[in-house]
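Visitor: Dropping the structure in here first, questions after.
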Amino acid sequence: MKVLFQARPDLMKNPAGDTVQVISTGQNLIRLGVEVNFSADPNLDLTLYDLIHIFNITRIKESYMFFCNAQKQQKQILISPIYWPPIAFLKREGNHPNALAIWKHMQPMRDRLVRECQLLLPNSQMEMDALRQDFPKAANYKVIPNGFPDAFIGVDSDAFRQQFPHLPQEFVLCAARISPRKNQYWLAKVAQELSLPVVLLGPINDQAYFESVTLFPNIYHLGTLQGELLASAYSAAKAHVLPSWFETPGLSSIEAGACGTVVISTDQGSPKEYFRDMALYVHPLDNESLRLALEQSFQASPLPLMHHLRQHYTWSKVAEMTYEAYQTLI
């Protein structure tokens, strides 16, 4: 079976959740014997491929070109939408005044992909429900969740503590690109009021926003960590906080929970489908919800969520589910 992955050209230059999903899915499918290639060429000759798997319709322009090329060559197309309506985020004060209009202008392109692909692979049933709300004639689907690396199981905090000995013994962690959508400024502000140190991991997507966040004296930004060191960072943290405007459901929340860390997640998007009542939730417009969650995290047990995630959400299990979805189209 030969499968072509297609996603935005800057997938590696500007890493985000879709980067992790593409790489982790591909690596684990290869272990199952699938031949997986990646291309961001919208005019590629697709003769060699059995299936075309396109990722991310939030950023739609490139995905639309991939789709048109595959359809023109009469290929079977699967789409991982990574979709959530960002209306509340786009309406927020300080956002670009045309952002919401631009989003709506692109909806017909998203609608065509969602209607005309052979199979949708949303990351949750809640995401599929959101797709059907916006695109009533959506194609058939199979839920393929996000996951965490199998190798994260059993990693302790020692490596992180040895590399960063200057950090406070107790801190909360947020692993995400530094950007308004991830809402780190809110986290920094409320944590400062509680005299709580915050460690930020991830690339800087918005320099001005990053500078506003790091004005708070309780913030430590360590850049991007990967592999065992990232798992060790999760293990060292008292809680992992992702107070975003929405998530589907937030890869770092899955990873942190699987490493035995208390998870504080936004309630916007699909996190509750993954974490159920085993995480603490905040609403991005409710300051008190974040304050309360941070206070409660010091008494909360991470173990129920850790066991749940390890049982259901390793990338190896996700790849098996993806492989089964491919087989339905071959």
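Numbering (the numbering used here), first residue to last: -11 to 318. C-beta: ideal position from N, C-alpha, C; glycine also. Please read all numbers here as calculations on a predicted model, not as lab measurements.
Could you check whether Thr249 and Tyr222 sit closer than 9 Å to each other, using their CB atoms as the reference points?
Guide: For the purposes of this step, residue 222 is taken as the residue at position 234 of the sequence shown. For the purposes of this step, residue 249 is taken as the residue at position 261 of the sequence shown. Yes, Cβ-Cβ distance for Tyr222 and Thr249 is below 9 Å.
Visitor: Which class does Ala224 belong to by DSSP, given the choice of helix, strand or coil?
Guide: Counting from 1 along the sequence shown, the entry for residue 224 is found at position 236. In this structure, Ala224 counts as helix in the three-state DSSP scheme.
Visitor: Just verifying my parser: in three-state terms, what is the DSSP assignment at His41?
Guide: Taking the sequence shown and counting its residues from 1, one reaches residue 41 at position 53. Residue state, collapsed to three classes: strand.
Visitor: Tell me which same chain residues have a C-beta within less than 6 Å of the C-beta of Phe26, skipping the five on either side of it?
Guide: Here residue 26 corresponds to residue number 38 of the sequence shown, with the count starting at 1. Closer than 6 Å at Cβ, skipping near neighbours: Phe(-7).
Visitor: Using DSSP bridges, identify the partner residues of Asn25.
Guide: Position 37 of the sequence shown, counting from 1, holds the residue named residue 25. Paired residue(s): Leu(-8).
Visitor: From which residue to which residue does the beta strand (DSSP E) around Ile252 run?
Guide: Here the question's residue 252 lines up with position 264 in the sequence shown. Looking at the DSSP string, the run of the beta strand (DSSP E) that includes Ile252 is 250 to 254.
Visitor: Less than 8 Å between the CB atoms is what I'm expecting for Val102 and Gln113, so what's the real figure, rounded?
Guide: Position 114 of the sequence shown holds residue 102. Position 125 of the sequence shown holds residue 113. The pair is not a contact, with the Cβ atoms about 16 Å apart (cut-off 8 Å).
Visitor: Distance check for Pro69 and Lys226, CA to CA, integer angstroms please.
Guide: For the purposes of this step, residue 226 is taken as residue 238 along the sequence shown, with counting starting at 1. For the purposes of this step, residue 69 is taken as residue 81 along the sequence shown, with counting starting at 1. So the two alpha carbons sit approximately 32 Å from each other.
Visitor: Name, in chain order, the residues that DSSP records as bridge partners for Glu235.
Guide: Counting from 1 along the sequence shown, the entry for residue 235 is found at position 247. The partner list for Glu235 (beta bridge, DSSP) reads Gly257.
Visitor: Please return the same chain residues whose Cβ sits closer than 6 Å to the Cβ of Gln61, not counting the five positions on each side in sequence.
Guide: Numbered from its first residue, the sequence shown carries residue 61 at position 73. Excluding positions up to five away in sequence, the list reads Leu34.
Visitor: Please return the same chain residues whose Cβ sits closer than 6 Å to the Cβ of Phe43, not counting the five positions on each side in sequence.
Guide: Against the sequence shown, residue 43 aligns to sequence position 55. Correct list, in chain order: Ala(-5), Asp6, Val10, Ser68.
Visitor: Taking only three categories from DSSP, how would you classify Leu189?
Guide: The residue labelled residue 189 in the question sits at position 201 within the sequence shown. Strand, per DSSP.
Visitor: So if DSSP puts Gln64 in a beta bridge, which residue, or which two residues, is it bridged to?
Guide: Residue mapping note: residue 64 aligns to position 76 of the sequence shown, counting from 1. Gln64 pairs with Leu39.
Visitor: If we ignore side chains and look at the alpha-carbon of each, how far apart do Pro133 and Met309 end up?
Guide: One-based indexing of the sequence shown puts residue 133 at position 145. One-based indexing of the sequence shown puts residue 309 at position 321. About 9 Å.
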